[in-house]
Amino acid sequence: MSARPIKLAITGKGGVGKTTVSALLASMLQKSGRKVIAIDADPDANLLAALGHPKPDSIAPLVELKDLIEERTGAKPGTTGGFFKINPRVEDIPDRYAVTVNGIKVLVAGAVKHGGSGCYCPENAFVRALVTHMLLDKDAALVLDMEPGVEHLSRATVESVDQLLIVVEPGRLSVETAHRIQHCAEDIGLTHICAVGNKVQSDADRQFLQRELHHIELIGCIPYDERLRAADQAGKPLPGASIAADLAVAALVAALEKGEHTPAHTHSHGKSERHAH
Ligand SMILES: Nc1ncnc2c1ncn2[C@@H]1O[C@H](COP(=O)(O)OP(=O)(O)OP(=O)(O)O)[C@@H](O)[C@H]1O
Ligand SMILES: [Mg+2]
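Okay, so the sequence shown: first residue is 241 according to the working numbering, each after it adds one.
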């Protein structure tokens with residue numbers, strides 16, 4: 241099996257299971273022999289907990305490390321209008337600040353501001369440089385647990401993402417969000433987009449997703465499993481909590497590895513003929 245460093249950005253509507261899928265994928269990629277870095281880029285960070293960290297709240301998000309950000313960018317976080325480095329030095333950050341949970345290195349980025357002048361602040365420059373750095377790292381697979389939308393993926397970084405993986409659940413709202421994300425992503429030049437169904441309970445669910453996603457390819461489906469919710473509530477690691485979900489994620493990794501999905505950097509508007517597993 242090739243251990244190509246897969247770079248994945250996970251997005252989707254709120255609550256569809258982005259963090260669950262990120263945790264399961266990160267764990268499966270690690271089991272396949274890869275070095276894995278997961279970045280929690282959601283302000284409501286909970287990827288550490290999903291991977292089984294016993295005290296996720298004890299880890300300060302990087303954007304709150306104001307001295308570090310000032311040292312690297314030359315400007316105090318929270319200040320606007322001043323000059324700062326848009327390409328700060330970050331190569332030592334993963335080793336110094338990543339938290340290792342069950343063999344997976346996790347960087348908790350924290351709340352990055354979006355829109356207007358909020359995009360041009362030292363914190364964002366720092367996190368963006370870090371994500372870019374990790375995307376270019378040939379040795380590590382990357383799983384980026386994002387908040388909805390693609391605002392924090394700059395044009396410079398999207399080139400290196402293998403896939404923007406949109407998590408959808410079998411409902412109209414999450415599919416509509418997927419289409420919005422797709423348009424947004426295509427606007428910034430990201431065309432390698434696919435979807436993974438989550439909380440899927442039947443063939444009818446799967447068919448609904450295949451039909452409604454139109455030309456967003458559905459490359460896998462993760463079943464609904466109460467045990468995932470229970471593990472989440474109990475603060476237990478999600479990988480290993482549901483055999484059915486782990487199997488589905490193994491198939492998802494295999495599909496990503498084989499490149500059965502829409503090839504990167506091509507524009508496909510044809511309706512997919514491939515069927516999800
Ligand atoms: N396959 C599944 N089966 C059962 N429950 C699931 C499944 N996937 C996710 N859940 C549950 O759904 C809820 C939301 O999941 P999760 O936190 O992963 O979503 P999210 O998209 O990351 O949410 P947010 O937008 O708040 O970051 C959690 O309670 C989780 O346990
Ligand atoms: Mg989440």
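Every residue gets a Cβ at the ideal spot worked out from N, C-alpha and C, and that includes glycine.
For residue i, which option in the options has the closest C-alpha, if you only look at C-alpha atoms?
i	options	result
E331	I344, C424 and A369	A369
L458	K247, S272, E363 and L492	L492
H423	R412, I456 and L308	I456
V521	R329, R336 and L302	Look at the range of the chain in this structure, 241 to 517, and you will see that residue 521 is not part of it.
G329	E304, I433 and P362	Residue identity check: residue 329 is Arg in the sequence provided, not Gly. It is P362 whose Cα lies nearest to the Cα of R329.
The beta strand (DSSP E) with residue i in it runs from where to where?
i	result
D280	K275 to A281
K247	K247 to G252
With the cut-off set at 9 Å, would you say residue i and residue j are in Cβ contact?
i	j	result
T485	V383	Looking at the sequence itself, residue 485 is Ala, so the reference to Thr does not match. Not in contact: A485 and V383 (Cβ atoms no closer than 9 Å).
G350	A285	yes
A381	V489	no
V256	V401	no
G475	A289	yes
Return the first residue and the last residue of the alpha helix (DSSP H) that residue i is part of.
i	result
N364	P362 to L376
P463	P463 -> not in any alpha helix (DSSP H); beta strand (DSSP E) instead, spanning E457 to P463.
V261	K258 to K271
Q447	D443 to E452
V493	I483 to K498
L291	L287 to L291
A349	Counting along the chain, A349 falls outside any alpha helix (DSSP H), and DSSP gives it neither H nor E.
V415	R412 to D427
L308	K306 to T313
If we ignore side chains and look at the alpha-carbon of each, how far apart do residue i and residue j end up?
i	j	result
A435	Q403	10 Å
A444	I246	31 Å
F323	L453	43 Å
G252	M386	8 Å
R451	I406	16 Å
E311	D335	17 Å
I think residue i touches residue j, with their Cβ atoms under 8 Å apart; what is that distance to the nearest whole Å?
i	j	result
S442	D465	That belief does not hold up - the Cβ atoms of S442 and D465 are roughly 14 Å apart, past 8 Å.
V341	H373	V341 to H373, Cβ: 21 Å. No contact.
I428	A365	Rounded, the Cβ-Cβ distance is 18 Å, inconsistent with contact.
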